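K.L.:
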Amino acid sequence: MSEPAGMIHWEAQDSIGILTLDAPRGNFLSDPEFIAPEQLKDLLDQDGAKALVICGAGKHFSGGARLDDLFKLAANPVHLAERMNKGKSLLDFIENLDIPVIAVINGICFGGGLEIALACHIRICSEKALFAFPECNHSLMPGMGGTIRLPGKISWASSLETILGGDMLNAQEALNMKIVDEVLPQEAGMEKALLLAKKMTKDRPRKVIRYILQALRNYKSMPLAEAMKEETRMFCELAYEEMERRKNENLL
3 MSEPAGMIHW EAQDSIGILT LDAPRGNFLS DPEFIAPEQL KDLLDQDGAK
53 ALVICGAGKH FSGGARLDDL FKLAANPVHL AERMNKGKSL LDFIENLDIP
103 VIAVINGICF GGGLEIALAC HIRICSEKAL FAFPECNHSL MPGMGGTIRL
153 PGKISWASSL ETILGGDMLN AQEALNMKIV DEVLPQEAGM EKALLLAKKM
203 TKDRPRKVIR YILQALRNYK SMPLAEAMKE ETRMFCELAY EEMERRKNEN
253 LL
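Quick note: the sequence shown uses our numbering, first residue 3, plus one each step.
1. Determine, using beta carbons only, whether L46 comes closer than 8 Å to chain C.
2. Quick check: the Cα distance between K130 and T203, rounded to an integer number of angstroms?
3. Quick one: measure Cβ to Cβ for I18 and A59, integer angstroms, because I've assumed they're closer than 8 Å.
4. What is the residue span of the alpha helix (DSSP H) that E129 lies within?
5. Taking just the CA atoms, how far does T234 sit from L31?
6. Report the three-state DSSP secondary structure of S4 (helix, strand or coil).
7. Go ahead and label C111 buried or exposed: buried means 16 or more other beta carbons lie within 10 angstroms of its beta carbon, across all protein chains shown.
8. How big is the Cα-Cα spacing for H1 and E189?
9. Could you check what DSSP says for E244 in three-state terms: helix, strand or coil?
10. Per DSSP, which residues does F112 bridge with? Please list them.
11. Tell me the start and end of each unbroken beta strand (DSSP E) in the segment 161-214 that is at least 3 residues and wholly inside, in chain order.
12. Below 6 Å CB to CB, which residues in the same chain sit around D71 once its five sequence neighbours on both sides are set aside?
13. Pick out the complete beta strand (DSSP E) segments inside the segment 6-55, 3 residues or longer, and give them in chain order.
14. Quick test of your reading: L166 and C138, contact by CB under 8 Å. State the CB separation rounded to the nearest angstrom.
15. Between which two residues does the beta strand (DSSP E) holding A59 run?
16. Can you look up R125 in the DSSP assignment and give me helix, strand or coil?
17. What first and last residue would you give for the alpha helix (DSSP H) that runs through I96?
18. Tell me, to the nearest whole angstrom, how far the beta carbon of I96 is from that of I126; I am working on the premise that it is less than 8 Å.
19. Can you give me the start and stop residues for the beta strand (DSSP E) that A105 sits inside?
20. With A76 as the anchor, note down where its alpha helix (DSSP H) starts and where it stops.
21. Assuming M86 and P34 form a contact by the criterion Cβ under 8 Å, report the distance between their Cβ atoms to the nearest whole angstrom.
22. Could you pull the DSSP bridge partners for S64 from this structure?
23. To the nearest angstrom, how far is the alpha carbon of M270 from that of G113?
24. As a quick exercise: from E243, Q216, M245, Y242, pick the residue whose alpha carbon is nearest that of E232.
25. Have a look at Y242, H81, A14 and flag the residue whose alpha-carbon is nearest the alpha-carbon of I56.
26. Please look up how many angstroms separate the CB atoms of S161 and L152, rounded, as I've assumed it's under 8 Å.
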């Protein structure tokens with residue numbers, strides 16, 4: 003299998019795709035679009051992935067944008083906006099995948115790195131992980147959805163303090179604030195993520211996984227009555243298909 007060029011490494015284990023951010027010295031992002039959405043889709047499809055794990059190579063998840071690269075892009079504001087919008091489209095694509103997406107976070111998870119993690123469905127971090135939106139310390143602000151996704155996870159007041167304060171949070175603080183879902187000893191996160199991904203997807207038809215993700219999203223995106231109606235439709239469709247399968251295999 004050919005690997006994507008640039009800042010990532012790809013592999014698949016037992017129908018679980020593993021996307022590793024892999025750039026020198028802290029996995030800093032030289033470009034907001036660290037992989038094109040269509041390329042990620044192709045990788046997931048060709049390996050039949052039922053879950054995706056995103057992690058960082060080495061000691062860190064990602065330090066976010068490298069300031070020198072960012073300011074070079076900023077010399078052309080139109081081009082910078084294009085690249086930022088590409089990065090946002092990628093994170094929207096990840097967030098809206100119809101398979102579970104788990105972030106495994108070691109070391110620093112700053113700025114754009116934290117925005118990547120917030121786009122994942124589940125976040126597991128090590129005891130030594132550190133989180134921050136340090137952009138304000140450089141007279142900037144989060145630019146790939148951080149101001150939108152963080153208030154969706156924690157309170158508006160805590161989001162304001164975290165983003166405008168620019169301070170680092172340790173793993174326990176991030177857990178208490180519900181920025182992450184679980185804190186584990188160093189190096190245990192990947193094992194837990196793979197076990198969790200297998201538990202959620204093993205022996206589950208791809209369509210069942212897709213419909214459950216869709217139904218959970220409908221709770222936020224649809225009026226309650228419409229979401230309930232859509233859940234019933236999907237349930238009945240799956241029940242009919244499973245009945246037919248069992249009948250064809252003489253299990254009924």
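Glycine is no exception: its CB is placed at the ideal position from the N, C-alpha and C atoms. The structure presented is a predicted model; accordingly, all values stated were derived computationally and were not measured.
P.N.:
From the atom records:
1. No chain C appears in this structure, which consists of one protein chain only.
2. Each residue's alpha carbon lies about 29 Å from the other.
3. I18 to A59, Cβ: 17 Å. No contact.
4. Per DSSP, E129 belongs to no alpha helix (DSSP H) and is neither H nor E.
5. In this structure, the straight-line span from the alpha carbon of L31 to that of T234 is close to 43 Å.
6. Residue placement at S4 cannot be trusted, given a pLDDT of 42 that sits under 50; the coordinates are not used to answer.
7. Per the 10 Å Cβ criterion, buried.
8. Since the first residue of the chain shown is 3 and the last is 254, residue 1 is not available in this structure.
9. DSSP places E244 within a helical segment (H, G or I) once states are collapsed to three.
10. Residue pairing by DSSP places F112 opposite A134 in a beta bridge.
11. Listed in chain order, the complete beta strand (DSSP E) runs (minimum 3 residues) inside the segment 161-214 are 184-186.
12. So the qualifying residues of the chain are S32.
13. Fully enclosed beta strand (DSSP E) runs of 3 or longer: 10-15, 18-23.
14. Indeed they touch by this definition, with Cβ atoms about 6 Å apart.
15. Segment: none, A59 is in no beta strand (DSSP E) and carries neither H nor E.
16. Under the three-state reduction of DSSP, R125 is assigned to strand.
17. 79-97 is the extent of the alpha helix (DSSP H) around I96.
18. I96 to I126, Cβ: 16 Å. No contact.
19. For A105, the enclosing beta strand (DSSP E) stretches over residues 103-107.
20. It spans 69-76 - the alpha helix (DSSP H) in which A76 sits, taken as one unbroken run.
21. With a Cβ gap of about 6 Å, M86 and P34 count as contacting.
22. The bridge partners DSSP lists for S64 are C111.
23. Here the chain has residues from 3 to 254 only, and residue 270 is not among them.
24. Q216 is the residue among E243, Q216, M245, Y242 whose C-alpha sits nearest the C-alpha of E232.
25. Ranking Y242, H81, A14 by Cα distance to I56 puts A14 first.
26. Yes, S161 and L152 are in contact; Cβ-Cβ is about 5 Å, under 8 Å.
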